[in-house]
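Structure, as structure tokens:
Protein chains: 2
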Amino acid sequence: MTDPHELTRMLQKDNGSKIVLLVGDGLGGLPLEPGGKTELETANTPNLDALARRGTLGLSTPMLPGIAPGSGPGHLGLFGYDPIKYRIGRGVLEALGIDFELGPNDVAIRGNFCTLDAAGNITDRRAGRIPTEVGSKLSEKLNQIKVPGAEVFVRAGEGYRTVLIFRGEGLGGDVADTDPQKTGVPPLEPVARSAGSAKTAQVAAEFLKQARVVLKDDAPANFLTLRGIDTMPQIPRFEEVYGMKAGAIAVYPMYRGLARLVGMDILDAGHTLDDQLTRLEKSWNDYDFFFIHWKYTDSSGEDGNFALKVQRTEELDTAIPRIAKLNPDVIVVTGDHSTPSKMKSHSWHPVPVLLSAENCRFDGSTKFGETQCRHGGLGQFEAKHLMLLAMAHAGRLEKYGA
Amino acid sequence: MTDPHELTRMLQKDNGSKIVLLVGDGLGGLPLEPGGKTELETANTPNLDALARRGTLGLSTPMLPGIAPGSGPGHLGLFGYDPIKYRIGRGVLEALGIDFELGPNDVAIRGNFCTLDAAGNITDRRAGRIPTEVGSKLSEKLNQIKVPGAEVFVRAGEGYRTVLIFRGEGLGGDVADTDPQKTGVPPLEPVARSAGSAKTAQVAAEFLKQARVVLKDDAPANFLTLRGIDTMPQIPRFEEVYGMKAGAIAVYPMYRGLARLVGMDILDAGHTLDDQLTRLEKSWNDYDFFFIHWKYTDSSGEDGNFALKVQRTEELDTAIPRIAKLNPDVIVVTGDHSTPSKMKSHSWHPVPVLLSAENCRFDGSTKFGETQCRHGGLGQFEAKHLMLLAMAHAGRLEKYGA
Numbered sequence: 277m278t279d280p281h282e283l284t285r286m287l288q289k290d291n292g293s294k295i296v297l298l299v300g301d302g303l304g305g306l307p308l309e310p311g312g313k314t315e316l317e318t319a320n321t322p323n324l325d326a327l328a329r330r331g332t333l334g335l336s337t338p339m340l341p342g343i344a345p346g347s348g349p350g351h352l353g354l355f356g357y358d359p360i361k362y363r364i365g366r367g368v369l370e371a372l373g374i375d376f377e378l379g380p381n382d383v384a385i386r387g388n389f390c391t392l393d394a395a396g397n398i399t400d401r402r403a404g405r406i407p408t409e410v411g412s413k414l415s416e417k418l419n420q421i422k423v424p425g426a427e428v429f430v431r432a433g434e435g436y437r438t439v440l441i442f443r444g445e446g447l448g449g450d451v452a453d454t455d456p457q458k459t460g461v462p463p464l465e466p467v468a469r470s471a472g473s474a475k476t477a478q479v480a481a482e483f484l485k486q487a488r489v490v491l492k493d494d495a496p497a498n499f500l501t502l503r504g505i506d507t508m509p510q511i512p513r514f515e516e517v518y519g520m521k522a523g524a525i526a527v528y529p530m531y532r533g534l535a536r537l538v539g540m541d542i543l544d545a546g547h548t549l550d551d552q553l554t555r556l557e558k559s560w561n562d563y564d565f566f567f568i569h570w571k572y573t574d575s576s577g578e579d580g581n582f583a584l585k586v587q588r589t590e591e592l593d594t595a596i597p598r599i600a601k602l603n604p605d606v607i608v609v610t611g612d613h614s615t616p617s618k619m620k621s622h623s624w625h626p627v628p629v630l631l632s633a634e635n636c637r638f639d640g641s642t643k644f645g646e647t648q649c650r651h652g653g654l655g656q657f658e659a660k661h662l663m664l665l666a667m668a669h670a671g672r673l674e675k676y677g678a
Numbered sequence: 277m278t279d280p281h282e283l284t285r286m287l288q289k290d291n292g293s294k295i296v297l298l299v300g301d302g303l304g305g306l307p308l309e310p311g312g313k314t315e316l317e318t319a320n321t322p323n324l325d326a327l328a329r330r331g332t333l334g335l336s337t338p339m340l341p342g343i344a345p346g347s348g349p350g351h352l353g354l355f356g357y358d359p360i361k362y363r364i365g366r367g368v369l370e371a372l373g374i375d376f377e378l379g380p381n382d383v384a385i386r387g388n389f390c391t392l393d394a395a396g397n398i399t400d401r402r403a404g405r406i407p408t409e410v411g412s413k414l415s416e417k418l419n420q421i422k423v424p425g426a427e428v429f430v431r432a433g434e435g436y437r438t439v440l441i442f443r444g445e446g447l448g449g450d451v452a453d454t455d456p457q458k459t460g461v462p463p464l465e466p467v468a469r470s471a472g473s474a475k476t477a478q479v480a481a482e483f484l485k486q487a488r489v490v491l492k493d494d495a496p497a498n499f500l501t502l503r504g505i506d507t508m509p510q511i512p513r514f515e516e517v518y519g520m521k522a523g524a525i526a527v528y529p530m531y532r533g534l535a536r537l538v539g540m541d542i543l544d545a546g547h548t549l550d551d552q553l554t555r556l557e558k559s560w561n562d563y564d565f566f567f568i569h570w571k572y573t574d575s576s577g578e579d580g581n582f583a584l585k586v587q588r589t590e591e592l593d594t595a596i597p598r599i600a601k602l603n604p605d606v607i608v609v610t611g612d613h614s615t616p617s618k619m620k621s622h623s624w625h626p627v628p629v630l631l632s633a634e635n636c637r638f639d640g641s642t643k644f645g646e647t648q649c650r651h652g653g654l655g656q657f658e659a660k661h662l663m664l665l666a667m668a669h670a671g672r673l674e675k676y677g678a
């Protein structure tokens, strides 16, 4: 299989055009009944529909048919990175999710506070689900630990979760979880699965030794297990592979983190869609490519709230006029995956795509929704090829071969 | 990724059936306005439409979504060769384009006549755009040069362009261009980028040394630079991979060259479509597979002439009755890429495909055009798989496995 980046490196050209990628997280949905409409089809979206009439629709498959992606692989695909080739460890995703700026010498780890009995066996793998405030205080205590050979950062997560970063030279990410996945047994020792991670296992063992002392009086959270130990994946930079300077306007830390992972600049904004669009307008001249992330189509879907997802989609629709007024050469509106409120979860269903540009092969679309996307001019394609389509329509790709 | 040729080698069978591949170069197009028709949809094509009713339609992606191919990769794809795996260097394409029969010991090079000042610096990279007649005379002079270790052929190109072939044992194609891509500096020396091309660099250096003397009084064309130095790609022969004897009926040298590259016989014909069809009829019993190339749907598109592209498409339509009268088992009508007159260039848009054969899954098509192709029975597929479909419909592929 050809790596699209081989082609974009070879064929990219800078014609000064601008692309806006507007992501409604979990945009795709399902009708509640046979013959019914999806959330997107139910929503009143006059601006998206007008864009569809001037554009072309399609459906993207995030990875492979039947595979529902998490937010990480979903967004990597949209950014044109093969989500199977570039795997993001759980620890790294957690660190991105608390806005921690990971560097190349960092190992990121998800920690779970747990309860040990007097014999050192785990009695509760989630430490009685302590509240976030308690976990935060314990994380601050753990953050004081010093170990030889690495800097240690411990940051609070939600509830019993915490995030650890070891920073230092020669720290590999290939260390097994210490969570035994059951109670009545002691936590596992950190074991390196390859030679390059021996030092990480040593650092982790020393950290855990001290943590046992630091937390000894904090039952039910008197210890922690380590999971998803990983380094940053080696991901080529967006600007290098596409020749475009990219800015990300995302409210939630994880999406800022994913954008940062591929080398986008993070453009801070307030928490409303209006704030995000104001930031877009302000930064318009400084970037070639903008990624705008709208979370609430996903969270309403995850809550199983069909009517709220419809409403959140209608809010997304109101963003279009302000974006269109900036006159981008290409506007893409899509999702990173589907989140049908009927399923209350991410799903594998192909994701609606709307692409509007001067040289679209117009396909007679009149309404942005799953049904028309199925018959759209872009057909059904792998999400990782969306960037190729966006660049082509922006005139940013030379012809291949003579 | 599976190489389709692994399968065709294994499954091919000769049942005496015949396939005609009629290529309208750059056939795919765009409507000028939302809701409008493409060139192909605007054209009055009663014969193609009748064929569509008896056949099935689809859209092919020449390489990947968003990638616009040149004629070389576009045709390789139609012939079932992965255009990313088999790359054709610029020099090779130029040699094909002047009908030069390249052999396995040849290195092909594009030369550009240029102007040097007294200090040996380039003042004009295109030698004042000398007319073809002048370039031809200079190419004849250069063709007299003898160098040790290789035979040298120099052939005129258009204007300031020329084509060089070095023929000899042990000549690699991995030598850097000598065109510095700017003026005010001397041309670069030919430098081998890998050990296997050291001899080519030596031959090129000796050739250029003599060329400097030969051309010294021919300002503004008093020297030349070398570009796109390359050998023929190692391409398996059409007959070996498909078990079919193939004849190519193409007017333009480049397309004859591309057909020759994969091992088709070149069937000479006059310059009109009628001449081409007469040749087809005459050679009907001698081949299993015919490639007929029609250039003018592309050139009218490149000129941005929508009406002329419509007319050229209508001319192509008139070829169908004479082809159908020969009763081929499979007729395929398609393009090597799209050339929308709106864009005046090759584009990435998927290419209309019409396949007519006894065992088509008829899809209710009534008109050969992009809109019906989008809903056609062949779906949207990679161009390199078209040969598999043609062979299957011709009954030339055994079942895979038991």
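Going down the list, the protein sequences come from chains A and B.
Taken in order, the first sequence gives residues 277 to 678; the numbers are from my numbering.
Taken in order, the second sequence gives residues 277 to 678; the numbers are from my numbering.
Even for Gly, the Cβ is constructed at its ideal location relative to N, Cα and C.
- Note that the C-beta distance between B/Thr501 and B/Thr454 is below 8 angstroms.
- Listed along the chain, the chain B residues whose CB falls inside 8 angstroms of the CB of A/Met667 are Gly342.
- Non-local C-beta neighbours of A/Asp579 in its own chain, meaning closer than 8 angstroms and more than five positions away in sequence, comprise Ser617 and Lys620, ordered along the chain.
- Here A/Glu370 is near A/Val439, since their CB atoms are less than 8 angstroms apart.
- What B/Arg503 touches in chain A, judged by beta-carbon distance under 8 angstroms, is nothing: the nearest beta carbon there is about 11 angstroms away.
- Linking A/Phe566 to A/Ile295 through their CA atoms gives a straight-line distance of about 6 angstroms.
- Straight across, the Cα-Cα distance linking B/Tyr563 with B/Asp290 is about 12 angstroms.
- In this structure, DSSP gives A/Pro628 an extended state, which the three-state scheme calls strand.
- Shown here, B/Tyr362 sits in coil according to DSSP, grouped into three states, outside any helix or strand.
- Chain A places a beta carbon closer than 8 angstroms to that of B/Gln656, counting this residue as a contact.
- At a C-beta separation below 9 angstroms, B/Ile360 has these neighbours in chain A: Thr278, Glu282, Leu283 and Tyr676.
- Contacts with chain A (Cβ-Cβ distance below 7 angstroms) from the region 418 to 451 of chain B involve no residue at all.
- By the beta-carbon neighbour count (other beta carbons within 10 angstroms, threshold 16), A/Phe499 is buried.
- The continuous alpha helix (DSSP H) containing B/Asn323 extends over residues Pro322 to Arg329.
- By the Cβ neighbour-count rule, B/Asp506 is buried, with 16 or more other Cβ atoms within 10 Å of its own.
- A distance of 8 angstroms or more separates the beta carbons of A/Phe657 and A/Gly304.
- Judged by DSSP in its simplified three-state form, A/Asn498 adopts coil rather than helix or strand.
- For A/Gly640, at least one C-beta of chain B is nearer than 8 angstroms to its own C-beta.
- Looking at the backbone, the Cα of B/Gln420 and that of B/Gly472 are separated by about 27 angstroms.
- Between the beta-carbon of A/Leu352 and that of A/Tyr362 there is about 6 angstroms, and that keeps the pair under the 8 angstroms contact cut.
- A/Glu427 has A/Arg443 as its beta-bridge partners, per DSSP.
- Taking a beta-carbon distance threshold of 8 angstroms, B/Arg366 counts as an interface residue toward chain A.
- Chain A places a beta carbon closer than 8 angstroms to that of B/His622, counting this residue as a contact.
- For B/Arg650, the enclosing alpha helix (DSSP H) stretches over residues Glu646 to Arg650.
- The region 379 to 386 of chain B and the region 319 to 332 of chain B do not touch, with fewer than three beta-carbon pairs separated by less than 8 angstroms.
- Taken in chain order, the complete alpha helix (DSSP H) segments of 4 residues or longer contained in the region 528 to 582 of chain A are 529 to 537, 549 to 558 and 572 to 578.
- Per DSSP, the unbroken beta strand (DSSP E) holding B/Val296 starts and ends at Ile295 to Gly300.
- Minimum Cα-Cα distance from A/Ile385 among the listed residues A/Gly448, A/Leu592, A/Ala344 and A/Met663 corresponds to A/Gly448.
- With fewer than 16 other Cβ atoms inside 10 Å of its own Cβ, B/Gln510 counts as exposed.
- For A/Gln457, the three-state secondary structure derived from DSSP is coil.
- B/Glu557 is outside the set of residues whose beta carbon lies under 8 angstroms from a beta carbon in chain A.
- The beta carbons of A/Leu316 and A/Val608 sit no closer together than 8 angstroms.
- Per DSSP, the unbroken beta strand (DSSP E) holding B/Phe389 starts and ends at Asp382 to Leu392.
- In this chain, the alpha helix (DSSP H) harbouring A/Gly411 covers Thr408 to Leu418.
- Contact with chain A is found for B/Met339, since one of that chain's Cβ atoms lies less than 8 angstroms from the residue's Cβ.
- Secondary structure of B/Val606 (DSSP, three-state): strand.
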